[in-house]
Structures are given as C-alpha cells and as structure tokens.
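Participant: My structure is below; once you've seen it, I'll send some questions.
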C-alpha cells in the first residue's frame with residue numbers, strides 16, 4: 006500500500022493501525038479486550054474492604070438506575086444533585102461530568118444559565134461503509150514473499166490486519182481517514198476463528214459478517230469504515246427546548262453543506278482507489294463488493310458504497326480554551342461555576358477526522374492528576 010500511495014491523489018499517509026490488538030488464538034469465552042467495568046468493579050471492592058477495616062464510608066460508590074436531572078447551585082457553586090432516586094448533597098466536593106457529549110451538555114443547559122456558549126458548537130464524523138474482497142491467490146502469485154508467509158495464507162489459518170489510511174480533500178481541506186480491516190479466513194465456520202476474529206476486529210462498522218466470510222474462503226476480505234470530519238458551521242449546535250424531560254429536552258441541529266458533500270465524495274473515491282489500485286495486485290477487475298444486508302446480500306463486481314445515515318463521535322459543545330468565548334477553562338472547570346469540571350469529547354475546539362478515544366482518556370487522566378494534586382476536596 007505504501008508503494009502505491011501516490012496513486013491516490015488525496016492521500017497523506019498510510020500505516021499499521023497504532024492501537025491494533027494482537028491477542029493469541031481465543032480458546033475460551035473470556036473477553037481479551039480491555040473493558041472498563043472489570044477494573045472499576047475491582048476498585049469498588051477494594052474501597053469497600055478498606056472502609057470496612059477502618060469503619061468508615063467507602064470512598065467510591067456506584068449508583069445504578071439513577072439519572073441526574075439537574076445540578077442545583079448557590080452563588081455559582083454546585084450544592085446538590087437532583088436525581089431520579091432523590092437529592093444528593095454535594096457539600097464541598099467537586100462535581101465531574103464524565104459523560105457523553107450530548108448528555109453532559111443537556112445537564113449544563115438545564116442547570117447553569119451562566120454557561121452562555123454551551124451547545125453553540127457541534128462537530129462529529131460522518132461515515133461510509135465499504136466491504137470488498139480480492140482473491141487470495143492474486144497476492145501469492147504477484148508478490149515476492151517468503152514461502153513461509155505464502156504457506157500461512159494457503160493453510161487454514163486465520164489472518165487479520167489493521168491499516169490506517171489518512172487523506173485530505175484538496176478543495177475544502179477537510180480531513181478523512183479509512184479504518185481498514187483485512188481478514189483472510191479459509192475456514193470461516195471454525196468456532197475458534199469466529200471467536201478470535203470477533204474479539205480482534207474493532208467494531209460493527211469495521212467487521213465482516215459471518216455470511217461475507219463464509220462466501221469468501223478463497224479471498225481476502227477488506228472492511229472499510231471511512232470517517233470524514235463535520236466542518237465548523239455556526240448553524241450546527243445544541244439548544245434547550247420546551248419539552249418536560251430534563252434529560253432529553255434539547256434539539257440538535259446539523260446542516261449538511263457543500264463542504265461535507267465534497268469531502269464525502271473525495272473519501273469514497275479514495276477508498277475505491279485504495280482497494281482497486283493500492284491493494285489489488287491485478288487491478289480493479291479482481292475486486293468484488295458486497296451489496297445488500299450483511300447477512301443476506303451478495304458479492305458483485307459493481308462498486309457499492311453505504312453512507313451511514315447518522316453521525317458518530319459527537320463533540321465540541323463545551324469547548325476548552327483560554328479565550329472569553331470558551332465554555333471550559335484550561336483547568337477543565339466550567340466557566341462561571343466554582344466546582345464543576347468537564348471531561349470528554351465535548352471539550353474539543355474542533356473535530357478533525359481522528360477517533361477521539363485516546364485523547365479523551367488522556368484529558369480525563371490529566372484532570373484527575375490535577376484534582377488529586379490540589380487535594381482541596383474529594384471529587385464525586
């Protein structure tokens with residue numbers, strides 16, 4: 006792919022996916038990926054044991070089936086949480102909104118009218134999903150690979166690869182990237198292969214269906230999730246409406262412009278070029294595309310793209326900055342409120358095309374380090 010990068014006009018770089026997992030063959034039902042609930046529950050148990058020994062209340066509690074509908078304040082200080090299970094006094098503690106972009110912004114809009122610019126920005130990603138396949142033998146005949154690599158591909162071994170491909174629309178300078186998963190599975194009904202693949206492939210958008218794999222025993226399947234950035238637009242935003250439910254009484258407006266359409270065309274075109282010129286050893290005539298539902302469709306020579314009717318990675322509603330317009334200061338504190346802090350994707354000043362997960366983790370860790378360093382009060 007790197008050797009053919011110049012064939013794709015909008016390309017900027019291609020590399021192995023930096024956070025791709027490489028777990029061994031799955032032989033049990035244990036989940037191999039990182040999952041938040043396990044470490045969190047371990048910490049809860051640890052705190053409960055410490056509290057029992059010291060005969061004090063636990064430092065960490067989890068409340069289930071509970072929604073916070075409003076944060077009460079007095080003199081710009083959060084004093085209590087109104088919840089579906091009663092009122093919780095905040096006291097001298099700090100309140101951290103570690104929630105999704107829209108839920109946290111909804112809570113702020115219902116609780117803090119002084120946060121004037123909350124919801125005035127909105128960014129996200131739009132997606133195309135393209136699934137293709139290329140005969141495995143094409144790669145074995147064309148490339149001068151070591152025989153051991155060819156043997157691995159010929160044998161009934163499951164092979165997985167993850168590729169990150171980035172590009173830019175020259176007309177609008179909009180960014181996109183292709184999250185590309187490659188799957189070679191000569192024995193797709195093998196339960197071990199099914200379990201291993203399911204735990205290694207990233208998500209439902211970038212995962213081949215059982216039907217796609219079962220009909221591709223002699224092929225390498227390429228699953229492309231293509232993400233483009235939603236441009237900064239003053240018409241995009243989140244605002245409070247007059248509905249009664251304080252957890253959902255907001256209206257999201259997103260306007261599609263010529264800039265988004267231009268970028269979308271560029272990234273779709275680039276994806277086909279990657280498959281037909283960058284990856285297929287014998288050209289576009291050897292590439293087939295999946296048409297129809299993942300479980301009932303079929304392979305055809307004609308191109309097929311699916312523009313997902315929705316947005317992902319919503320962000321930027323309470324952007325961080327040191328200017329007067331920013332909703333959140335560089336200390337992560339909601340401006341105008343003394344003891345409320347924000348973390349998550351709502352902090353992005355702008356979007357880009359990248360998956361925001363690692364940045365969200367880093368900013369949350371930075372906030373935690375800052376609060377622990379201050380030692381002024383215990384956050385809740």
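In our numbering, the protein residues as written are 6 to 385. All C-beta atoms in this analysis are idealised placements derived from N, C-alpha and C, irrespective of residue type, glycine included.
(1) DSSP has residue 21 in a bridge; who is on the other side?
(2) What are the start and end residues of each continuous beta strand (DSSP E) run of 3 or more residues lying completely inside the region 84–123, in chain order?
(3) For residue 135, write down the residues that DSSP places opposite it in a beta bridge.
(4) Bridge partners for residue 189 per DSSP, in chain order?
(5) Nearest to residue 213 by alpha carbon, out of 269, 145 and 301?
(6) So residue 53 is in the alpha helix (DSSP H); what residue range does that whole segment cover?
(7) Can you tell me whether DSSP reads residue 180 as helix, strand or coil?
(8) Could you check which residue in 233, 276 and 248 has the C-alpha nearest to that of residue 267?
(9) Going by Cα to Cα distance, which pick from 95, 56, 65 and 60 is closest to residue 46?
(10) Take residue 327 and list the residues in its own chain whose beta-carbon comes closer than 6 Å to its own, dropping the five residues that flank it on each side.
(11) Would you mind working out which of 104, 125 and 243 sits nearest residue 254, comparing C-alpha positions?
(12) Cα separation between residue 130 and residue 54?
(13) In or out: residue 17 buried (at least 16 other Cβ within 10 Å) or exposed?
(14) Tell me the DSSP bridge mates of residue 257?
(15) So, at 7 Å on beta carbons, what are the nonlocal neighbours of residue 280 in its own chain, with the 5 sequence-adjacent residues on each side left out?
(16) Cutting at 7 Å between CB atoms, please list the residues of its own chain near residue 198, excluding the five before and the five after it.
(17) Give me the Cα-Cα distance between residue 22 and residue 224, rounded to the nearest whole angstrom.
(18) Which one of 337, 347, 357 and 296 has the shortest CA to CA distance from residue 317?
(19) By the three-class DSSP mapping on this structure, what secondary structure does residue 64 have?
(20) Report the rounded CA-to-CA distance for residue 93 versus residue 71, giving the unit in angstroms.
(21) Among the residues of its own chain, which have a CB less than 6 Å from the CB of residue 278, if the five just before and after it don't count?
(22) List the DSSP bridge partners of residue 82.
(23) Specify the secondary structure class of residue 126 as computed by DSSP and reduced to three states.
(24) Which residue comes first and which comes last in the beta strand (DSSP E) that contains residue 324?
(25) Helix, strand or coil: how does DSSP classify residue 235 here?
(26) Indicate whether residue 341 and residue 115 have their beta-carbon atoms separated by less than 8 Å.
(27) Looking at C-alpha atoms only, which residue of 52, 158 and 73 is the closest neighbour of residue 63?
(28) Which stretch, first to last residue, makes up the alpha helix (DSSP H) that contains residue 264?
(29) To which residues of the same chain is residue 217 closer than 7 Å at the C-beta, ignoring the five residues directly before and after it?
(30) In whole angstroms, what separates the C-alpha of residue 186 from that of residue 211?
Facilitator: On the basis of the data shown:
(1) In the DSSP secondary-structure assignment, residue 21 is bridged to 168.
(2) Runs found: 91–94 and 100–103.
(3) In the DSSP assignment, residue 135 forms a beta bridge with 229.
(4) DSSP output for residue 189 lists 164 and 225 as bridge partner(s).
(5) That would be 301, whose Cα lies nearest to the Cα of residue 213.
(6) Annotation: the continuous alpha helix (DSSP H) that includes residue 53 extends over 42–59.
(7) In this structure, residue 180 counts as strand in the three-state DSSP scheme.
(8) In this structure, 233 is the residue among 233, 276 and 248 with its C-alpha nearest to the C-alpha of residue 267.
(9) Nearest of 95, 56, 65 and 60 to residue 46, Cα basis: 65.
(10) Closer than 6 Å at the Cβ level, and outside the excluded window around residue 327, lie 335.
(11) Nearest of 104, 125 and 243 to residue 254, Cα basis: 243.
(12) Computed Cα separation, rounded: 43 Å.
(13) Using a 10 angstroms sphere on the CB of residue 17, the tally of other CB atoms stays under 16, which defines it as exposed.
(14) The beta-bridge partner set that DSSP reports for residue 257 consists of 243.
(15) Taken in chain order, the residues that qualify are 137, 227 and 292.
(16) The residues are 163, 190 and 192.
(17) Taking the straight line from one Cα to the other gives about 22 Å.
(18) For residue 317, the closest alpha carbon among the candidates 337, 347, 357 and 296 is that of 357.
(19) Correct three-state label for residue 64: coil.
(20) Cα atoms of residue 93 and residue 71: separation of roughly 11 Å, rounded to the nearest angstrom.
(21) Correct list, in chain order: 13.
(22) Bridge pairing for residue 82: 79 [DSSP].
(23) Coil at residue 126, not helix or strand.
(24) Membership of residue 324 in any beta strand (DSSP E) is not indicated, and neither H nor E is assigned to it by DSSP.
(25) Coil, per DSSP.
(26) 8 Å or more divides the Cβ of residue 341 from the Cβ of residue 115.
(27) Closest option to residue 63, Cα to Cα, is 52.
(28) DSSP places residue 264 inside the alpha helix (DSSP H), whose first and last residues are 263–278.
(29) Closer than 7 Å at the Cβ level, and outside the excluded window around residue 217, lie 136, 226, 295 and 299.
(30) Distance between the alpha carbons of residue 186 and residue 211: 7 Å.
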